[in-house]
Amino acid sequence: MANSPGNPADRSVEIDALELYASAIDASDYVARVAPLVRRRVPDVGELLDVGAGGGQLGAALRDPALPWSAVEPSPTMQRRLRRLPDPPRLVTAGWQDAAVPDGAHDTVLAATMPAFFDHPEIFLARCRAWARRAVVWVVPAHRGPRGMCFAGCLPMEWHREDETPGIDIVMRGLPSHSRPQWAEFVDWTFTGIVPDLRRLAAWQADRLGWVPDDERRARLLAHLSLQATPVAGGFRRDIARRTAVLVWGKR
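Under my numbering, read the sequence shown as residues 955 to 1206, first letter to last.
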């Protein structure tokens, strides 16, 4: 008998949220849309430091293949991904606050969708500028929508209950005028997630939302995802429109 969203077999399923997000970035046009904007303003990346590198997709596309690059990444899951890259970075296995990176050791510092943008933007910017010899590049969410649970953008706000303020608004609000970026540009792209089993995704999301096993919304959530998804080879595909801001600071 097939499992329903409320069955214990579904509720016990564990999904690695970081791997789920990284696999969606693999399938998305994120790098193809964002990388050209960065190259336009920072044509000579030099030695790159990718802070909060995740799966390293954007950093690998931007780095100078003739030079070494480094990545600050605390997640063991993402560290394994980074080590599997054809030309992997030197890994700093810590969060940005504890990263033992010498000041001025890299030409360009890249940070994409780091939570520090929202919590400590001025402190984080100061750290990145100390690390960089030439430029700091921040890639920040600029669309209105949730920023927490993976695939929360598929759900109505009444379910995910996250703050939908665009990340760029929070960042700019937290930076004093003298710390504003020297250049900013926006780009639209599509977050493309392909999941092998919608039933597992629905059960996982319901658990993350704190819904009890017999919550009637579990069945509605699965139906909601099913209506949005397109069957493809390997599972079900869901495309979510996204907008990103690319912010650049040059040498002071």
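Cβ atoms here follow ideal geometry from the backbone N, Cα and C, with glycine treated the same way.
So, with DSSP's three-state summary, where would you put Glu1139?
Looking at Glu1139 - three-state DSSP - the assignment turns out to be strand.
Quickly, what does DSSP pair Ile1194 with across the bridge? List them, please.
Its beta-bridge partners are Phe1145.
Going along the chain, which unbroken runs of the beta strand (DSSP E) with 3 or more residues stay wholly within the segment 1007-1057?
If we require 3 residues or more, the beta strand (DSSP E) runs fully inside the segment 1007-1057 come out as 1023-1026, 1044-1046.
Helix, strand or coil for Arg1088 per DSSP?
In the structure shown, Arg1088 sits in a strand (DSSP, three-state: E or B).
Which residue wins for smallest C-alpha separation from Phe1078, given the options Asp1061, Pro1120, Arg1035, Met1126?
Selected option, being the one with the closest Cα: Met1126.
Using DSSP with H/G/I as helix, E/B as strand and the rest coil, what is Gly1189?
The answer is strand: DSSP assigns Gly1189 an E or B state.
Out of Val1063, Trp1092, Arg1098, Thr1067, state which residue places its alpha-carbon closest to the alpha-carbon of Ala1086.
Checked all of Val1063, Trp1092, Arg1098, Thr1067; the closest Cα to Ala1086 is Val1063.
Between Val1046 and Thr1198, is the Cβ-Cβ spacing less than 7 Å?
In this structure, Thr1198 does not lie closer than 7 Å to Val1046 by Cβ.
Could you name the residues of the same chain whose beta carbon sits closer than 8 Å to that of Gly1164, not counting the 5 residues immediately before and after it, in chain order?
Once the five neighbours on either side are set aside, Gly1164 has no close Cβ partner at all.
Who are His1060's beta bridge partners in DSSP?
BP columns for His1060 point to Ala1086.
Give every residue of the same chain whose Cβ lies closer than 7 Å to the Cβ of Ala986, excluding the five residues on either side of it in the sequence, and list them in chain order.
So the list is empty, once near-sequence residues are dropped.
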